[in-house]
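> Mind the numbering: the sequence shown is residues 1 to 729 in UniProt numbering, read in order.
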Amino acid sequence: FSFSWQTTFQDGGEEVEDGAVYNVTLKKVQIQQAANKGARWLGGEGDQLPPEHTVRQYETSKIRAIKAGTLEKLVENLLTAFGDADFSYISIFLATYRAFASPRAVLELLLDRFGNLETSSHGEVANLNSLESEMVLRAEIASVLRAWLDQCSEDFREPPDYMCLLKLLEYLKNNMPNSDMESRVQNLLKQFQNQEVEAVEGFCSTSSGDLVDGEELEISNPEEFSSFQDHVVAEQLTHMDVMLFRRVVPYHCLGSIWSQRDKKENKNLAPTVRATITQFNAVTKCVISTVLGTRELKIQQRAKIIEKWIHIAHECRILKNFSSLRAIISALQSNSIYRLKTTWMCVSKDILLMYEELSEIFSDHDNYLTSRELLMKEATSKFANLDSSEKENQKKSQKRLQLQKNKGVMQGTVPYLGTFLTDLIMLDTALQDYVEGGLINFEKRRREFEVIAQIKLLQSSCNSYCLTPDQKFIQWFRKQRHLTEEESYKLSREAEAAADTNILSPKSQKSMVKRISTLFLGTDVFTPPKEQPLKSSPVGGSSGESTDSASVSSCEFNHSETEDVCVTPVSSPEDPLKKSSVGSDKGYDSDKGSISSDKGSGSSKGSIVEPASDSGSVPSRDSGSVPSSAPRVLPVYNRQSGGSCIIRVSMDGLHASVYKSILITNQDRIPDVTQRALLKHNLEPAAVEDYELVQVISEDKELVFPRDANVFYGMNSHVNFDFILRKKA
Numbered sequence: 001f002s003f004s005w006q007t008t009f010q011d012g013g014e015e016v017e018d019g020a021v022y023n024v025t026l027k028k029v030q031i032q033q034a035a036n037k038g039a040r041w042l043g044g045e046g047d048q049l050p051p052e053h054t055v056r057q058y059e060t061s062k063i064r065a066i067k068a069g070t071l072e073k074l075v076e077n078l079l080t081a082f083g084d085a086d087f088s089y090i091s092i093f094l095a096t097y098r099a100f101a102s103p104r105a106v107l108e109l110l111l112d113r114f115g116n117l118e119t120s121s122h123g124e125v126a127n128l129n130s131l132e133s134e135m136v137l138r139a140e141i142a143s144v145l146r147a148w149l150d151q152c153s154e155d156f157r158e159p160p161d162y163m164c165l166l167k168l169l170e171y172l173k174n175n176m177p178n179s180d181m182e183s184r185v186q187n188l189l190k191q192f193q194n195q196e197v198e199a200v201e202g203f204c205s206t207s208s209g210d211l212v213d214g215e216e217l218e219i220s221n222p223e224e225f226s227s228f229q230d231h232v233v234a235e236q237l238t239h240m241d242v243m244l245f246r247r248v249v250p251y252h253c254l255g256s257i258w259s260q261r262d263k264k265e266n267k268n269l270a271p272t273v274r275a276t277i278t279q280f281n282a283v284t285k286c287v288i289s290t291v292l293g294t295r296e297l298k299i300q301q302r303a304k305i306i307e308k309w310i311h312i313a314h315e316c317r318i319l320k321n322f323s324s325l326r327a328i329i330s331a332l333q334s335n336s337i338y339r340l341k342t343t344w345m346c347v348s349k350d351i352l353l354m355y356e357e358l359s360e361i362f363s364d365h366d367n368y369l370t371s372r373e374l375l376m377k378e379a380t381s382k383f384a385n386l387d388s389s390e391k392e393n394q395k396k397s398q399k400r401l402q403l404q405k406n407k408g409v410m411q412g413t414v415p416y417l418g419t420f421l422t423d424l425i426m427l428d429t430a431l432q433d434y435v436e437g438g439l440i441n442f443e444k445r446r447r448e449f450e451v452i453a454q455i456k457l458l459q460s461s462c463n464s465y466c467l468t469p470d471q472k473f474i475q476w477f478r479k480q481r482h483l484t485e486e487e488s489y490k491l492s493r494e495a496e497a498a499a500d501t502n503i504l505s506p507k508s509q510k511s512m513v514k515r516i517s518t519l520f521l522g523t524d525v526f527t528p529p530k531e532q533p534l535k536s537s538p539v540g541g542s543s544g545e546s547t548d549s550a551s552v553s554s555c556e557f558n559h560s561e562t563e564d565v566c567v568t569p570v571s572s573p574e575d576p577l578k579k580s581s582v583g584s585d586k587g588y589d590s591d592k593g594s595i596s597s598d599k600g601s602g603s604s605k606g607s608i609v610e611p612a613s614d615s616g617s618v619p620s621r622d623s624g625s626v627p628s629s630a631p632r633v634l635p636v637y638n639r640q641s642g643g644s645c646i647i648r649v650s651m652d653g654l655h656a657s658v659y660k661s662i663l664i665t666n667q668d669r670i671p672d673v674t675q676r677a678l679l680k681h682n683l684e685p686a687a688v689e690d691y692e693l694v695q696v697i698s699e700d701k702e703l704v705f706p707r708d709a710n711v712f713y714g715m716n717s718h719v720n721f722d723f724i725l726r727k728k729a
């Protein structure tokens, strides 16, 4: 017989059980069957018969995917998901359960309630009337535990007691003695016990803060920096980034986890994410200190250092290291370097064009579509796909890429982690944690897993890198003294004031000005940026800085914020060149190890477009209902859509630059929004009567809302959705 299959899927609606809601999909398989023998006599090609001589059979199977449920039902579903054809459920649960449960709670349910083979009181075990059924349950438990140890062994790292690991070991000794699983758990316990408990700093051994005793921080020596070849610097930065990115624990990136880092009791929360941020800031500040740290540099020397960093950024692009690439570009676009117009005039045309092309990768157009598409395109490719509009740069790129290919070693991909953090915080803001009946919204976790899966894929690709640490460079990198915001801005002003503008003839200077203006503005008119006095800010660039301070990092990126996470120039508002900068004024917070973003960005950011097959709308967090289907577009900042939107609320006074993103609907009034804002800022929600909510219209105008006003309809939708929560006089 010969067979051919044709599969179709049909929405089967929902099934509601006690403590769970399931999405049902009907899978219909059409099987065409025909006898091989005599097929040709009936006019068939090979083994295929004409349609009138085939036998069609249909098989329909039901696929159940849990949509919402109690913790008990979600854990029970770990044992039944495979039978329901929900094959990805175990991976999704293990990657996201930390958002709503602890490892101990899950383990106790799994082992005590569902895995206790000696108990007959629970339904799962009560039906065990045969040895065969007991073996099936034992196999299901073993499968879940094996997946847990494979994918999330860090969940069991609980020094010094390791209670979960000991409980698991005891269960295996009683129910699966002398099994491979028991040996594996014993080895894991020994491994954890022998390892030193890693502090937050331990995840970033290459950061500038990890110095050998007796070493002192120093300002970079230009000659020493110039002695390192461009590709060597890029390879070493990539080596550091790879080591840190591979250590990132995916659940640390979840919006509900990462957003809690600013609480005092969570200072060590998500250390693997903090480590990548520390490294990102170290690279950014290293660029700034090498360009500005030496006062005696001449204009051409300073321009050569900028050119060298652009070449290093290009080498990072060849290595598919988007993290250090973005750090370098961000530093060059910082106010203190970006304003060095005389120095930039001495940068060669070819290198300026290379810089422009590298900067364009991180354009904020259409929610950073360029960088997202490029990342997915090269996520698992062997080498970078380099295209350049400038012939000379194209030749250099292809030559360097060919050298990489000749080595015969595949390249991995190091992403800019902030993109994923933004998406996950966006999802955490837009989708409610619980639905009607207090059930855990597992549809939200499925959405989050789509992002987590991308992180895991890229982590796997990083195993392809084969880079050797260069101790000479690492030692130099560690010893760099980072300039504070005030120092870098002061040195920038001094360097520009001391610039000898007579080194260029009027004709060549005019040509250079025209070239730079065309490159950055697309016009033939160059207007020097206006000087903006540096406003006072904490030394070292803490999270409370003004939006127009000369900084790369600024305010903290806090709970449920939806803005895109990137570091770009923070030039003065009047600076005409700012319009051509890549991205928006956002960055990693250097002091607190967090991702940050300046408030006041005027563009709509952070939308996550879902597949076209989805439909429906996003309910309010307080609506308490299970959405019938997935939303096509989630609510975003600066745009009202489908009766909901996201606003940014900051506290007046001390925390004015630290804002929280809040989802509001057309049903929300002032008391509701005020209470949510207080909760987000870790303040007492009962004090709602002591605060007033105002929308910032401009620098000198505010919109004050009446006591019971509807925020959605009362707000000005033609300006930024930025609000201030102010204590009443």
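The beta carbon of each residue, even a glycine, is placed where N, CA and C say it ideally should be.
Can you name the start and end residues of the beta strand (DSSP E) that R648 belongs to?
For the purposes of this step, residue 648 is taken as the residue at position 648 of the sequence shown. Note, R648: beta strand (DSSP E), S644 to M651.
> Judging by CA-CA distance, which residue of S363, L166 and M426 is the nearest neighbour of E182?
Numbered from 1 along the sequence shown, position 182 holds the residue referred to as residue 182. Checked all of S363, L166 and M426; the closest Cα to E182 is L166.
> Taking all protein chains shown into account, do 16 or more other C-beta atoms lie within 10 angstroms of the C-beta of Y355, making it buried, or fewer, making it exposed?
On the sequence shown, residue 355 is found 355 positions in, with the first residue counted as 1. Answer is buried; the Cβ neighbour count reaches 16.
> Between which two residues does the alpha helix (DSSP H) harbouring L374 extend?
Here the question's residue 374 lines up with position 374 in the sequence shown. Run containing L374: L369 to E378, per the alpha helix (DSSP H) assignment.
> Which term fits V688, buried or exposed, when burial requires 16 or more other beta carbons within 10 angstroms of its beta carbon?
Along the sequence shown, read from residue 1 onward, the residue named residue 688 stands at position 688. With 16 or more other Cβ atoms within 10 Å, it is buried.
> Might you give, ordered along the chain, the residues of its own chain that have their beta carbon closer than 7 Å to the beta carbon of A430, omitting 5 neighbours on each side?
Indexing the sequence shown from 1 puts residue 430 at position 430. For A430, where only same-chain residues beyond five positions count, the Cβ hits under 7 Å are V618, L634, P635 and L663.
> Quick one: what does DSSP say G438 is sitting in, helix, strand or coil?
On the sequence shown, position 438 is the one that residue 438 refers to. If DSSP states are grouped into helix, strand and coil, G438 belongs with the helices.
> Over the uninterrupted alpha helix (DSSP H) stretch that includes Y489, give me the two end residues.
Residue mapping note: residue 489 aligns to position 489 of the sequence shown, counting from 1. That run of the alpha helix (DSSP H) goes E485 to A497.
> Is it the case that the Cβ atoms of I299 and T343 are separated by a distance below 7 Å?
Position 299 of the sequence shown, counted from the start, is the residue given in the question as residue 299. Position 343 of the sequence shown, counted from the start, is the residue given in the question as residue 343. Cβ atoms of I299 and T343: closer than 7 Å.
> Buried or exposed: where does A497 fall if 16 or more other Cβ atoms within 10 Å of its Cβ makes it buried?
Here residue 497 refers to the residue found at position 497 of the sequence shown. Per the 10 Å Cβ criterion, exposed.
> On the three-state DSSP scale, how would you describe G293?
Locating residue 293 in the sequence shown gives position 293, where the first residue counts as 1. The answer is coil: DSSP assigns G293 none of H, G, I, E or B.
> Thinking just about the alpha-carbon of each residue, which of V347, F449, T665 and L172 is nearest to the one in Y97?
As a first step, residue 97 is located in the sequence shown; it is residue number 97 there, counting from the start. If we check each option's Cα against that of Y97, F449 comes out closest.
> Going by Cα to Cα distance, which pick from V673, Q191 and Q454 is closest to A95?
Position 95 of the sequence shown, counted from the start, is the residue given in the question as residue 95. Measuring from the Cα of A95, the nearest candidate turns out to be Q454.
> Helix, strand or coil for L634 per DSSP?
As a first step, residue 634 is located in the sequence shown; it is residue number 634 there, counting from the start. Coil at L634, not helix or strand.
> Relative to the C-alpha of Q475, which candidate in T8, L107, D668 and E224 has its C-alpha closest?
Taking the sequence shown and counting its residues from 1, the one referred to as residue 475 is at position 475. Nearest C-alpha to Q475: E224.
> Do you know offhand how far C152's Cα is from S227's?
As a position in the sequence shown, residue 152 is number 152, starting the count at 1. As a position in the sequence shown, residue 227 is number 227, starting the count at 1. Looking at the two C-alpha atoms, the distance is approximately 43 Å.
> In three-state terms, what does DSSP make of T429?
Within the sequence shown, residue 429 is the residue found at index 429, counting from 1. Three-state result, T429: helix.
> Which one of S464, K341, G714 and K479 has the shortest CA to CA distance from H239?
Here residue 239 refers to the residue found at position 239 of the sequence shown. Looking at the Cα atoms, S464 is the closest of the given residues.
> Please report the distance separating the alpha-carbon of H718 from that of L149.
The count along the sequence shown starts at 1 and reaches residue 718 at position 718. The count along the sequence shown starts at 1 and reaches residue 149 at position 149. About 51 Å.
> Apply the 10 Å Cβ neighbour rule to S102 and answer buried if 16 or more other Cβ atoms are within range, or exposed otherwise.
What you label residue 102 is simply residue 102 of the sequence shown in a count that begins at 1. Exposed is the call here.
> Just to confirm, is the Cβ distance from G69 to L439 under 7 Å?
Reading the sequence shown from its first residue, position 69 is the one you call residue 69. Reading the sequence shown from its first residue, position 439 is the one you call residue 439. Yes, the pair counts as a contact, with Cβ atoms nearer than the cut-off.
> Between which two residues does the beta strand (DSSP E) containing R726 stretch?
Translated into positions along the sequence shown, residue 726 becomes position 726. Segment D722 to K727, the beta strand (DSSP E) holding R726.
> Under the three-state reduction of DSSP, which class applies to A139: helix, strand or coil?
As a first step, residue 139 is located in the sequence shown; it is residue number 139 there, counting from the start. Reduced to three states, the DSSP call for A139 is helix.
> Using DSSP bridges, identify the partner residues of R669.
Reading the sequence shown from its first residue, position 669 is the one you call residue 669. Note: R669 sits in a beta bridge opposite N710.
> Just the C-alpha distance for L109 and F93, rounded to the nearest angstrom, thanks.
Position 109 of the sequence shown, counted from the first residue, corresponds to residue 109. Position 93 of the sequence shown, counted from the first residue, corresponds to residue 93. About 14 Å.
> Hey, quick one: how far does the beta strand (DSSP E) through V249 stretch, first residue to last?
What you label residue 249 is simply residue 249 of the sequence shown in a count that begins at 1. Neither: V249 is in no beta strand (DSSP E) and is coded neither H nor E.
> If contact is defined by three or more beta carbon pairs under 8 Å, each pair taking one atom from either stretch, is the segment 706-720 in contact with the segment 667-676?
Contact holds: three or more Cβ-Cβ distances are below 8 Å.
> Go ahead and pull the three-state DSSP assignment for L111.
Stepping through the sequence shown from its first residue, residue 111 is reached at position 111. Looking at L111 - three-state DSSP - the assignment turns out to be helix.
> Taking CB distances under 7 Å as the criterion, tell me whether E689 reaches chain D.
The chain labelled as chain D is not found in the depicted structure, where only one protein chain is given.
> Can you grab the Cα-Cα spacing for the pair T60 / L78, in whole Å?
To locate residue 60, count along the sequence shown from 1; it is residue 60. To locate residue 78, count along the sequence shown from 1; it is residue 78. C-alpha separation (whole angstroms): 24 Å.
> Could you spell out where the beta strand (DSSP E) holding K701 opens and where it closes?
Indexing the sequence shown from 1 puts residue 701 at position 701. Note, K701: beta strand (DSSP E), K701 to V704.
> What does R64 pair with, by DSSP beta-bridge criteria?
Here the question's residue 64 lines up with position 64 in the sequence shown. DSSP, once it has assigned bridges, lists V24 as partnering R64.
> Beta strand (DSSP E) containing Y691: first to last residue?
Taking the sequence shown and counting its residues from 1, the one referred to as residue 691 is at position 691. Where Y691 is concerned, the enclosing beta strand (DSSP E) stretches over Y691 to S698.
> How far does the alpha helix (DSSP H) with L94 in it reach, from first residue to last?
One-based indexing of the sequence shown puts residue 94 at position 94. It spans Y89 to T96 - the alpha helix (DSSP H) in which L94 sits, taken as one unbroken run.
> Going along the chain, which unbroken runs of the alpha helix (DSSP H) with 4 or more residues stay wholly within the segment 291-337?
Counting whole runs of 4 or more residues, the segment 291-337 contains the alpha helix (DSSP H) stretches 299-318 and 322-332.
> Is S536 helix, strand or coil by DSSP?
Counting from one through the sequence shown, the residue named residue 536 turns up at place 536. The predicted model places S536 with a pLDDT of 35, which falls under 50 and marks its position as unreliable; any figure quoted below should be read in that light. Correct three-state label for S536: coil.
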